[in-house]
Ligand SMILES: Cc1cc2nc3c(=O)[nH]c(=O)nc-3n(C[C@H](O)[C@H](O)[C@H](O)COP(=O)(O)OP(=O)(O)OC[C@H]3O[C@@H](n4cnc5c(N)ncnc54)[C@H](O)[C@@H]3O)c2cc1C
Ligand SMILES: Nc1ncnc2c1ncn2[C@@H]1O[C@H](COP(=O)(O)O)[C@@H](O)[C@H]1O
């Protein structure tokens, strides 16, 4: 039986959005869609997406994700169900076991896939290279299952609905070599960048820590809240709470003004649904221009100086 | 204690792109190179572990798969303070399963206590090589690590695994282990000019690549991404651009 198998992502008892997006991606491949829910009590996690044919509950002892558990469960599911394609989210959890399963079982594999299509029977995946500046179509070895890690937000979530069949699948998982102990929340900051209408967002293009006060002043003058890309937090120049992106905050201001931000996939994940995106970058090929509504190929300091004069 | 750090010299695409005649890759004339950002954090973390342990017997070995052109990235790690470098002579592959297969026997021969990879390479963004390698080495592993506390006596480590939204999953992992290192875990040191000069002279061991097997993917075609609806270009002088931006902002915030 040929099917597309999805492994649901959930965290602390809640299904994550990417699961619904995987369903949309899976539907493009035509085959029946099965969603595996690996959890202590799979029935408590609702999978209510149109287009799902079967929900496979895989009860395990661990309440939270552990990569040995997921690896083992997925290997057993593949052996049992022989799916043609397995789809996981390109998420931190999947990064911890997806490539291991592919290496062990010699599967076709690609990560950060943002486009899927069929060429005859063959799966063709699209992903980016060279820092998001170039796209590539990939093909996979014939006659083997293909495991793909799908970029979050690349596909629209499947609408809710559906009346899938349900089944249970039991696995013996070995004891984990990496064990979940505890969760620590991200630090709470002085400002909440998620509620701002106007974000002035600066990236590594500002070059040095000494440049930051200038943008704090500019933000105040413009009536904007200052946010940043990850490297400025990594460097200790700005607090965590100001970070936009996958490991920071997801924002959707009316206006997102990005100065010196290249538009890495993890940054875009946090801001690409903003109302109006304006990007200033010296590099005309910067990936940020692919999501921007307005773009200026210019030096951010020149533009910032002029903006300061205006306000 | 021995720590192996897998490092990659990444390609950096400049302001212009042209493709090779078979359209399967970017013309190398349009590429620059540097040490993968994540790998500089991984190297730094290895150096810090050694410094904190204060034991001179510890050894840090960098390993890279590539042709002679990737040696500058390896020398950058030597200049930071790594002890030895081994290059697995190979070119042309980038799929993470193949790279892991090529790394595995060489890393294994070192019998390391810890193996570090970067979370991802900035040019390919696969975030997969480390986890695949851990499997081939049959090592415990944790991906996307932002903090490491070693308990050498108990043969385990407590690490922070950084999830989406900055939530941290505190994880206890048996060692030896492979960890993929996230940026921000430390502040990588700058190599001094003297150290960079010295590293130029250090030998790099070159070993032949083993069996690479069938690739996990093949590139059919590379192309410039479609430009979406296309950003409206704001041109003119910086003053013109600033005026346009101010106008758009005023309009949208109304
Ligand atoms: C698991 C994971 C999670 C991550 N989470 C996040 C996240 O939440 N948020 C995030 O931002 N990143 C995140 N990242 C990091 C991400 O991959 C990129 O490394 C990062 O977004 C790059 O930031 P940047 O665009 O500021 O820097 P760069 O990519 O270095 O870009 C700097 C840009 O500035 C431009 N520039 C330079 N000088 C000037 C000038 N004078 N004028 C105008 N332009 C100039 C350059 O052309 C370049 O485009 C994550 C990575 C991983 C692996
Ligand atoms: N050619 C290579 N040689 C050595 N290590 C590599 C190579 N390619 C990738 N890696 C390692 O794998 C990590 C993740 O790369 P990737 O899976 O390509 O995103 C890098 O940070 C390196 O630690």
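Residue numbers (the working numbering), protein chains in the order written: chain A, 1 to 311; chain B, 312 to 565.
C-beta atoms are modelled at their ideal positions from N, C-alpha and C, and glycine is treated no differently.
Since we're looking at a predicted model, the values are computed, not measured.
What residues from chain A crowd round residue i, counting only those whose CB sits closer than 8 angstroms?
i: residue 501 of chain B; result: The contacting residues do not exist; residue 501 of chain B stays about 13 angstroms from chain A at best.
i: residue 331 of chain B; result: What residue 331 of chain B touches in chain A: nothing, since even the nearest Cβ is about 12 angstroms away.
i: residue 411 of chain B; result: 99, 103
i: residue 554 of chain B; result: 306, 310
For the beta strand (DSSP E) that residue i lies in, which residues bound it at each end?
i: residue 328 of chain B; result: It is not in any beta strand (DSSP E) - residue 328 of chain B carries neither H nor E in the DSSP assignment.
i: residue 351 of chain B; result: Counting along the chain, residue 351 of chain B falls outside any beta strand (DSSP E), though it belongs to the alpha helix (DSSP H) covering 348-364.
i: residue 182 of chain A; result: 178-184
i: residue 294 of chain A; result: 294-297
i: residue 139 of chain A; result: 134-139
i: residue 168 of chain A; result: 165-168
i: residue 370 of chain B; result: 370-377
i: residue 313 of chain B; result: 313-317
i: residue 149 of chain A; result: 146-150
i: residue 175 of chain A; result: Where residue 175 of chain A is concerned, there is no enclosing beta strand (DSSP E), given that its DSSP letter is neither H nor E.
i: residue 193 of chain A; result: Counting along the chain, residue 193 of chain A falls outside any beta strand (DSSP E), and DSSP gives it neither H nor E.
Taking residue i as the query, report the chain B residues whose CB atoms sit under 8 angstroms from its CB, ordered along the chain.
i: residue 202 of chain A; result: Within 8 angstroms Cβ-Cβ: nothing; residue 202 of chain A doesn't reach chain B, min ~14 angstroms.
i: residue 140 of chain A; result: 527, 528, 529
i: residue 312 of chain A; result: Any question about residue 312 of chain A goes unanswered here, given that chain A covers just 1 to 311.
i: residue 279 of chain A; result: 542
i: residue 108 of chain A; result: 527, 528
For a contact defined as C-beta to C-beta under 7 angstroms, what are the partners of residue i on chain B?
i: residue 184 of chain A; result: 479, 481
i: residue 180 of chain A; result: 480, 482
i: residue 293 of chain A; result: 542, 543
i: residue 174 of chain A; result: Per Cβ cutoff of 7 angstroms: no residues; residue 174 of chain A is ~11 angstroms from chain B at best.
i: residue 246 of chain A; result: 475
i: residue 111 of chain A; result: 437, 438, 439
i: residue 91 of chain A; result: 475
i: residue 254 of chain A; result: 563, 564
Which residues in chain A sit within 7 angstroms of residue i, going by Cβ to Cβ distance?
i: residue 447 of chain B; result: 103
i: residue 434 of chain B; result: 129, 130, 131
i: residue 391 of chain B; result: Those within 7 angstroms of residue 391 of chain B in chain A number zero; the least Cβ separation is about 17 angstroms.
i: residue 315 of chain B; result: What residue 315 of chain B touches in chain A: nothing, since even the nearest Cβ is about 17 angstroms away.
i: residue 326 of chain B; result: 283, 284, 285
i: residue 354 of chain B; result: Within chain A, no residue comes near residue 354 of chain B; the closest Cβ sits about 15 angstroms away, beyond 7 angstroms.
i: residue 337 of chain B; result: 130, 134
For the alpha helix (DSSP H) that residue i lies in, which residues bound it at each end?
i: residue 216 of chain A; result: 212-222
i: residue 302 of chain A; result: 300-310
Ligand 4 and residue i: does any heavy atom of the ligand fall closer than 7 angstroms to the residue's C-beta?
i: residue 244 of chain A; result: You won't find ligand 4 in this model; what it holds is ligand 1 and ligand 2.
What in chain A is Cβ-close to residue i, meaning under 9 angstroms?
i: residue 453 of chain B; result: 67, 96, 178
i: residue 385 of chain B; result: Chain A residues near residue 385 of chain B: none, gap ~21 angstroms exceeds 9 angstroms.
i: residue 534 of chain B; result: 134, 135, 136, 137
i: residue 426 of chain B; result: Within chain A, no residue comes near residue 426 of chain B; the closest Cβ sits about 14 angstroms away, beyond 9 angstroms.
Under 9 angstroms between beta-carbons, which chain B residues line up against residue i? List them in chain order, please.
i: residue 275 of chain A; result: 563
i: residue 320 of chain A; result: The structure shown does not extend to residue 320 of chain A, since chain A is modelled only from 1 through 311, so no value can be given for it.
Check the Cβ-Cβ distances between residue i and every residue of chain C, and say whether any is below 8 angstroms.
i: residue 399 of chain B; result: Looking at the structure shown, chain C is missing, and the protein chains on hand are A and B.
Exercise. Along the chain, which unbroken stretches of the beta strand (DSSP E) at least 3 residues long are found entirely within the segment 1-63 of chain A?
Worked result: 4-7, 33-39, 54-59
For this session: Mind listing, in chain order, the continuous alpha helix (DSSP H) runs of no fewer than 4 residues lying wholly within the segment 459-495 of chain B?
Result: none
Problem set entry | the segment 514-533 of chain B contacting the segment 457-476 of chain B, beta-carbon criterion three pairs below 8 angstroms | no
For this session: May I have a chain-ordered list of the beta strand (DSSP E) segments no shorter than 3 residues that lie completely inside the segment 69-126 of chain A?
Result: 85-89, 108-119
For this session: Ignoring anything shorter than 4 residues or poking outside the segment 499-564 of chain B, list the alpha helix (DSSP H) runs there in chain order.
Result: 504-512, 549-564
Exercise. Taking contact to mean at least 3 C-beta pairs separated by less than 8 angstroms, is the segment 321-336 of chain B in contact with the segment 247-255 of chain A?
Worked result: no
Problem set entry | Every unbroken alpha helix (DSSP H) inside the segment 225-279 of chain A [4 residues or more] | 230-234, 265-268
Exercise. Which parts of the segment 382-448 of chain B are runs of the alpha helix (DSSP H), unbroken and 4 residues or longer, counting only runs that do not cross its ends?
Worked result: 382-391, 407-420, 440-448
For this session: Check whether the segment 184-201 of chain A touches the segment 63-72 of chain A, counting contact only when three or more Cβ pairs, one atom from each stretch, lie closer than 8 angstroms.
Result: no
Problem set entry | Validate contact between the segment 521-532 of chain B and the segment 397-415 of chain B using beta carbons, cut 8 angstroms, 3 pairs | yes
Exercise. Is the segment 196-205 of chain A in contact with the segment 218-236 of chain A, if contact means three or more CB pairs nearer than 8 angstroms?
Worked result: yes
Problem set entry | Three-pair Cβ contact test at 8 angstroms for the segment 425-434 of chain B versus the segment 484-492 of chain B | yes
Exercise. Counting Cβ pairs closer than 8 angstroms, one from the segment 40-51 of chain A and one from the segment 87-95 of chain A, do we hit at least three?
Worked result: no
For this session: Give a yes or no on contact between the segment 93-112 of chain A and the segment 449-468 of chain B, applying the rule of three or more CB pairs nearer than 8 angstroms.
Result: yes
For this session: Would you be able to state if there are at least three C-beta pairs under 8 angstroms between the segment 343-361 of chain B and the segment 320-328 of chain B?
Result: yes
Problem set entry | Three CB pairs or more closer than 8 angstroms across the segment 129-141 of chain A and the segment 24-33 of chain A | no
Exercise. How about the segment 350-360 of chain B and the segment 271-285 of chain A: do they share at least three Cβ pairs that are nearer than 8 angstroms?
Worked result: no
Exercise. Would you call the segment 69-82 of chain A and the segment 163-182 of chain A in contact, with 3 or more CB pairs under 8 angstroms?
Worked result: yes
Problem set entry | the segment 554-562 of chain B / the segment 255-272 of chain A touching (three or more Cβ pairs under 8 angstroms) | yes
Exercise. Is there contact here, the segment 526-540 of chain B with the segment 125-135 of chain A, by at least three beta-carbon pairs under 8 angstroms?
Worked result: yes
Exercise. Does the segment 368-388 of chain B come within contact of the segment 498-512 of chain B, defined as at least 3 CB pairs closer than 8 angstroms?
Worked result: yes
For this session: Answer yes if the segment 143-152 of chain A comes into contact with the segment 171-191 of chain A, meaning at least three C-beta pairs across the two stretches below 8 angstroms, and no otherwise.
Result: no
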